[in-house]
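Engineer: A single structure is presented below for examination.
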Amino acid sequence: MIEQAYVSGQLGKAVYIDDAGEYFVCASDAPEPVPCRWGDIQTLLNSGAEFKDLGKKLQLEGIRDVLQFEERAHTALFLFLAGFDKNLEDSVRSRASNAAGNMLEDVYVARFVRNRLLSRPAPINFLVREAKILPAKTALLQLIRQVTVAQAAINWVSQAWDKVAREEFKFSHEALRVQQFLTDEGFFGYVVDELCSLKAVFPETERVGTLVRVYRSDVKLRKLCPQIAQILKSFMNQLVFLTPQKGVKSTRKDALSKEVLYKVVINDEGRGSIWPIHQRIVPSWREIGRSGTFAECLGCFLRVDREEIQAWQDPQSSRLPEYGASLDLTVVGSPSGRTKQGYIASRHK
Amino acid sequence: MIVKCGRCGSNIPESNDRCPTCGEHAGFPNIREVDSQEEQEALTRRYDAMVAKHRSDGTSDVLDSFEEALENSVAVVACDLHFARQLMTSSKTLYNNYYMGVTANIRKPATLEDDRNRRVADSILFNGYAQEIVFAALSLTGLGLSSYGRYFMTLRDITIANRATVLEENSFTFVQKHCKVLERPPLGYRATWPNRHKLGVAKLGTKITASTQNAHFASMVLSDGGERQAAEFIEVHIYGPFDGNAVESVAGSLKPGNEEEEIVAYIVRGVVISSGKKWVDL
Numbered sequence: 026m027i028e029q030a031y032v033s034g035q036l037g038k039a040v041y042i043d044d045a046g047e048y049f050v051c052a053s054d055a056p057e058p059v060p061c062r063w064g065d066i067q068t069l070l071n072s073g074a075e076f077k078d079l080g081k082k083l084q085l086e087g088i089r090d091v092l093q094f095e096e097r098a099h100t101a102l103f104l105f106l107a108g109f110d111k112n113l114e115d116s117v118r119s120r121a122s123n124a125a126g127n128m129l130e131d132v133y134v135a136r137f138v139r140n141r142l143l144s145r146p147a148p149i150n151f152l153v154r155e156a157k158i159l160p161a162k163t164a165l166l167q168l169i170r171q172v173t174v175a176q177a178a179i180n181w182v183s184q185a186w187d188k189v190a191r192e193e194f195k196f197s198h199e200a201l202r203v204q205q206f207l208t209d210e211g212f213f214g215y216v217v218d219e220l221c222s223l224k225a226v227f228p229e230t231e232r233v234g235t236l237v238r239v240y241r242s243d244v245k246l247r248k249l250c251p252q253i254a255q256i257l258k259s260f261m262n263q264l265v266f267l268t269p270q271k272g273v274k275s276t277r278k279d280a281l282s283k284e285v286l287y288k289v290v291i292n293d294e295g296r297g298s299i300w301p302i303h304q305r306i307v308p309s310w311r312e313i314g315r316s317g318t319f320a321e322c323l324g325c326f327l328r329v330d331r332e333e334i335q336a337w338q339d340p341q342s343s344r345l346p347e348y349g350a351s352l353d354l355t356v357v358g359s360p361s362g363r364t365k366q367g368y369i370a371s372r373h374k
Numbered sequence: 004m005i006v007k008c009g010r011c012g013s014n015i016p017e018s019n020d021r022c023p024t025c026g027e028h029a030g031f032p033n034i035r036e037v038d039s040q041e042e043q044e045a046l047t048r049r050y051d052a053m054v055a056k057h058r059s060d061g062t063s064d065v066l067d068s069f070e071e072a073l074e075n076s077v078a079v080v081a082c083d084l085h086f087a088r089q090l091m092t093s094s095k096t097l098y099n100n101y102y103m104g105v106t107a108n109i110r111k112p113a114t115l116e117d118d119r120n121r122r123v124a125d126s127i128l129f130n131g132y133a134q135e136i137v138f139a140a141l142s143l144t145g146l147g148l149s150s151y152g153r154y155f156m157t158l159r160d161i162t163i164a165n166r167a168t169v170l171e172e173n174s175f176t177f178v179q180k181h182c183k184v185l186e187r188p189p190l191g192y193r194a195t196w197p198n199r200h201k202l203g204v205a206k207l208g209t210k211i212t213a214s215t216q217n218a219h220f221a222s223m224v225l226s227d228g229g230e231r232q233a234a235e236f237i238e239v240h241i242y243g244p245f246d247g248n249a250v251e252s253v254a255g256s257l258k259p260g261n262e263e264e265e266i267v268a269y270i271v272r273g274v275v276i277s278s279g280k281k282w283v284d285l
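So the protein sequences, as listed, match chains D and R. Positions 26 to 374 (our numbering) are the ones given, in order, by the first sequence. Positions 4 to 285 (our numbering) are the ones given, in order, by the second sequence.
Now the structure itself:
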């Protein structure tokens with residue numbers, strides 16, 4: 026009987042504990058479980074890579090299934106993001122994007138990648154104009170358009186969650202655990218969708234309110250975090266605070282429009298956002314004197330990004346490209362007993 | 004060996020890197036141990052004896068060349084493509100102690116008996132701080148032990164110079180050959196990083212002859228053998244983990260397997276190069 030199992034799609038490894046000892050399984054190179062040495066599991070969990078806690082009462086086959094899916098999903102995300110890395114050769118970017126496009130044909134992989142991309146602001150090297158993508162990769166192109174247009178909404182959602190995570194959780198690993206659940210179950214993606222949709226007018230967005238009510242009554246989520254109802258309420262309040270006020274439509278249509286004007290604002294923590302031009306400035310935020318269409322405001326962020334990218338190229342710089350981790354959730358855990366089938370089934374609810 | 008804290012005067016156990024009373028940094032325990040006078044003197048005796056032998060044999064020139072090569076030797080860790088990707092693209096990821104054992108493409112899994120022996124060896128060599136030690140191999144070429152993975156990362160000298168020591172051979176083999184339970188390991192078989200050339204000369208000097216070419220040095224220092232048991236090398240012990248910034252160069256294949264892995268390998272190469280590091284195609 027397997028007592029505990031962890032899977033890392035990033036590392037392509039799963040580790041588990043059963044009656045006989047501790048073992049690990051590789052996604053590709055070693056088909057059979059190999060006994061862990063003393064300290065292996067703890068060391069892997071401390072490696073900084075993302076792990077998913079699968080809980081108990083699993084069969085080895087279930088672990089293998091989850092491992093294969095997670096490995097493939099993380100590889101797709103990695104390839105997707107690498108497709109925008111200006112530091113890579115055109116041919117490599119093109120191959121990465123097109124390989125990601127192929128992997129996104131798997132609907133579950135596509136959902137994973139989409140959920141990750143919609144849950145956090147794009148990595149600093151996410152330069153859409155740099156992408157080298159074959160026109161035939163329609164799923165990929167659609168995803169890129171969606172993620173690009175949604176950046177402002179993603180920023181709002183991310184900022185709201187970060188504030189809630191700081192204020193409502195005692196320990197950061199608890200916040201990350203809940204964040205990972207909400208990310209992979211599509212909560213943040215749905216909220217972003219609603220913020221971008223034509224129907225969304227905050228704070229009166231009924232569908233987002235309904236969504237929050239659905240998630241806060243989720244049994245798995247309540248088990249993972251008993252105070253989830255309070256946390257989601259705080260999240261909603263933060264979101265209302267950050268997003269355009271009632272009566273000001275922030276829509277996908279607006280975002281693409283050349284007539285609706287926006288301004289770039291920055292908060293005391295250095296986080297940027299794009300707000301409608303008439304929205305009042307609230308404490309801890311300030312304007313930086315840039316306004317224009319949504320795309321022009323977004324371009325303002327991209328210009329900052331390019332300077333950061335140049336900093337990477339400095340051999341003396343201590344920074345490394347971050348796209349391998351920027352959308353990761355370091356300390357993770359999901360409700361117990363989720364096999365791939367369970368994982369998939371949960372998405373069909 | 005218990006040392007006194009320079010700040011508060013408390014005793015600092017040999018396995019601690021900090022004073023348990025005031026938290027003052029006490030130096031890395033492996034360095035404190037290997038840098039002790041008795042350990043240094045024992046190593047110097049072995050080294051001097053080897054130098055004297057070559058002087059009398061008239062092969063000092065070859066030995067000098069070998070020693071010079073050793074002075075420029077590097078620490079190399081091996082891993083699989085997954086881990087190379089993760090380490091090079093995420094500053095959150097750390098290379099840890101036992102990771103070598105987990106990333107490896109292991110065809111003959113270690114038995115629990117091996118694991119027990121390994122723990123005994125660790126406790127003899129690293130009394131109380133084994134969990135902090137990261138293992139690497141000393142190399143003249145940037146290539147490491149392929150039985151631990153096909154991607155070789157050379158570490159920047161500055162990131163390990165003050166926290167790395169070297170041991171004459173694989174620690175497990177060394178303990179089997181030289182150590183007895185409840186006894187300290189024999190002296191003269193370990194060196195601090197700046198003195199690694201002395202250990203190399205003391206260990207491998209007997210293999211140096213008048214006909215030894217510079218091209219032979221690399222395989223004398225590290226003989227891969229493809230399997231762990233067959234590998235001959237000088238083991239590097241680094242106190243504490245490191246991140247991708249500690250890597251100076253990466254050597255690996257651009258054709259590791261399927262199409263996706265190949266693209267990942269090209270991306271890793273691109274990231275390595277764009278972050279000012281060196282990539283070597285294998």
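Glycine residues also receive a C-beta, built at the ideal position from the N, C-alpha and C atoms. The structure displayed is predicted, hence computed values, not measured ones.
Looking at Cys25 of chain R and Arg35 of chain R, is the spacing between their C-beta atoms short of 7 Å?
Structural biologist: no
Engineer: Does DSSP put Leu79 of chain D in a helix, in a strand, or in coil?
Structural biologist: Strand.
Engineer: In chain R, which residues lie with their C-beta within 8 Å of the C-beta of Leu104 of chain D?
Structural biologist: Glu263, Ile266, Val267, Ile270
Engineer: Whose CA, out of R:Val54, R:Glu74, R:Ala55, lies closest to the CA of Val224 of chain R?
Structural biologist: R:Glu74
Engineer: Please check if any C-beta of chain D sits within less than 7 Å of the C-beta of Asp51 of chain R.
Structural biologist: It does not; no Cβ of chain D falls within 7 Å.
Engineer: Taking Leu158 of chain R as the query, report the chain D residues whose CB atoms sit under 8 Å from its CB, ordered along the chain.
Structural biologist: Per Cβ cutoff of 8 Å: no residues; Leu158 of chain R is ~15 Å from chain D at best.
Engineer: Can you give me the Cβ contacts of Ile313 of chain D inside the same chain, cut-off strictly under 6 Å, excluding the 5 residues immediately before and after it?
Structural biologist: Excluding five sequence positions before and after Ile313 of chain D, the CB atoms of its chain that fall closer than 6 Å to its own CB belong to Val289, Ile291, given in chain order.
Engineer: Which residue marks the beginning of the beta strand (DSSP E) containing Glu47 of chain D, and which one marks its end?
Structural biologist: It spans 46–51 - the beta strand (DSSP E) in which Glu47 of chain D sits, taken as one unbroken run.
Engineer: Measuring straight from C-alpha to C-alpha, what distance separates Ala336 of chain D and Trp282 of chain R?
Structural biologist: Caution is warranted here: a pLDDT of 36 is assigned to Ala336 of chain D, below 50, making its placement in the model unreliable, and the coordinate value is therefore given only provisionally. Going from the Cα of Ala336 of chain D to the Cα of Trp282 of chain R covers about 20 Å.
Engineer: Near Leu113 of chain D, which residues of its chain fall below 8 Å by C-beta distance, leaving aside the five closest residues on each side in sequence?
Structural biologist: Ala107, Ala121
Engineer: Under 7 Å, CB to CB, which of the residues in the segment 244–265 of chain D have a partner in chain R?
Structural biologist: none
Engineer: Evaluate Asn140 of chain D with the Cβ neighbour count: other Cβ atoms within 10 Å of its Cβ, from every protein chain shown; 16 or more gives buried, anything less gives exposed.
Structural biologist: buried
Engineer: Taking 7 Å as the CB-CB limit, is Thr235 of chain D close to chain R?
Structural biologist: Closer than 7 Å to the CB of Thr235 of chain D there is not a single CB belonging to chain R.
Engineer: In chain order, what residues of the segment 111–140 of chain D put their CB closer than 7 Å to some CB of chain R?
Structural biologist: Asn112, Leu113, Glu114, Val117, Arg120, Ala121, Ala124
Engineer: Quick one: which chain R residues come within Cβ less than 8 Å of Thr100 of chain D?
Structural biologist: Glu263, Val267
Engineer: Give the interface partners of Asn180 of chain D over in chain R, defined as CB-CB distance under 9 Å, in chain order.
Structural biologist: Residues of chain R passing the Cβ test: none, with the nearest at roughly 21 Å.
Engineer: Mind pulling the beta strand (DSSP E) runs of 3 or more residues that sit fully within the segment 64–103 of chain R?
Structural biologist: 77–82
Engineer: Which one of R:Gly208, R:Glu44, R:Trp196 has the shortest CA to CA distance from Arg58 of chain R?
Structural biologist: R:Gly208
Engineer: Taking the beta strand (DSSP E) that Leu225 of chain R belongs to, which residues open and close that run?
Structural biologist: Premise fails: Leu225 of chain R is in no beta strand (DSSP E) and is neither H nor E.
Engineer: Please state whether DSSP places Lys258 of chain R in a helix, a strand or coil.
Structural biologist: DSSP, read as helix, strand or coil, puts Lys258 of chain R in coil.
Engineer: Among all the DSSP beta bridges, which residues are the ones paired with Asn14 of chain R?
Structural biologist: Paired residue(s): R:Lys7.
Engineer: Is it buried or exposed for Glu238 of chain R, if we count other Cβ within 10 angstroms and need 16 for buried?
Structural biologist: buried
Engineer: Can you find a CB in chain D that lies within less than 7 Å of the CB of Gly273 of chain R?
Structural biologist: yes
Engineer: Along the segment 81–96 of chain R, what residues have a CB closer than 8 Å to any CB found in chain D?
Structural biologist: Asp83, His85, Phe86, Arg88, Gln89, Met91, Thr92, Ser93, Ser94, Lys95, Thr96
Engineer: Going straight from the alpha carbon of Cys22 of chain R to that of Tyr132 of chain R, what length do you get?
Structural biologist: 14 Å
Engineer: Could you tell me how far apart the beta carbons of Val79 of chain R and Ala140 of chain R are, in whole angstroms, since I believe they sit closer than 8 Å?
Structural biologist: Going by Cβ atoms, the distance from Val79 of chain R to Ala140 of chain R rounds to 5 Å, so yes, they are a contact pair.
Engineer: Which partner residues of Thr168 of chain R appear in the DSSP bridge assignment?
Structural biologist: R:Thr195, R:His240
Engineer: For Gln43 of chain R, does the three-state DSSP call read helix, strand or coil?
Structural biologist: helix
Engineer: Would DSSP call Val117 of chain D helix, strand or coil?
Structural biologist: helix
Engineer: Since Ala139 of chain R sits in a beta bridge, which residues does DSSP pair it with?
Structural biologist: R:Val239
Engineer: My understanding is that Glu128 of chain R touches Val169 of chain R, with C-beta atoms under 8 Å, so please give their C-beta distance in whole angstroms.
Structural biologist: The identity of residue 128 of chain R in the sequence shown is Leu, whereas the question assumes Glu. Not really, about 12 Å apart at Cβ, beyond 8 Å.
Engineer: Using the Cα positions of Ala200 of chain D and Ala190 of chain D, report the straight-line distance between them to the nearest angstrom.
Structural biologist: In a straight line, the C-alpha of Ala200 of chain D is about 6 Å away from that of Ala190 of chain D.
Engineer: For the ligand GTP, is there a heavy atom less than 6 Å away from the beta-carbon of Glu28 of chain D?
Structural biologist: By its list of ligands, the structure shown contains no ligand whatsoever, and the ligand GTP lies outside what it can speak to.
Engineer: Note down, in chain order, every chain D residue with its Cβ under 8 Å from the Cβ of Ser174 of chain R.
Structural biologist: Residues of chain D passing the Cβ test: none, with the nearest at roughly 13 Å.
Engineer: If we cut at 7 Å on Cβ distances, does Leu36 of chain D have a partner in chain R?
Structural biologist: yes
Engineer: Please compile the residues from chain R whose C-beta is within a distance smaller than 7 Å of the C-beta of Ala74 of chain D.
Structural biologist: Gln89, Thr96
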